[in-house]
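**Student:** When we follow this note's numbering, the leftmost residue of the sequence shown carries the number 43, and every step to the right adds one.
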Amino acid sequence: DEAANVFLEISPHPVLATSIRECCKLTNQQQSSPPLILLTLKRKEDEQITLLTSLAQLTT
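Next comes the structure, spelled out in structure tokens:
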């Protein structure tokens, strides 16, 4: 029974990343690595760069 370790936040600005990390800590779901939280958009940052950066993080 493995817990989810990859999360995709779809929002105009990342607001859930901190909560996701805390939930993983509280439920002892920190496996060998911390959760991977990917963002789709960030306020005042180029949308394409943000999305492509998340895609790159997913493949590494």
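Yeah, the Cβ is synthetic: ideal placement off N, Cα and C, and Gly gets one too. Since the structure is predicted, the reported quantities are computational estimates derived from the model, not experimental observations.
List the DSSP bridge partners of L80.
**Tutor:** As a working note, residue 80 is residue 38 in the sequence shown. Answer is L50, bridged to L80.
**Student:** T101 by DSSP, collapsed to three states: which one?
**Tutor:** Mapped onto the sequence shown, residue 101 falls at position 59. Here T101 sits in helix by DSSP.
**Student:** With a threshold of 6 Å on Cβ separation, who are the neighbours of R85 within its own chain once the five nearest residues in sequence on each side are excluded?
**Tutor:** Mapped onto the sequence shown, residue 85 falls at position 43. Taken in chain order, the residues that qualify are H55.
**Student:** Look at the alpha carbon of L100 and the alpha carbon of T69, and state the distance between them as a whole number of angstroms.
**Tutor:** Counted from its first residue, the sequence shown places residue 100 at position 58. Counted from its first residue, the sequence shown places residue 69 at position 27. Spanning the two alpha carbons is a distance of roughly 23 Å.
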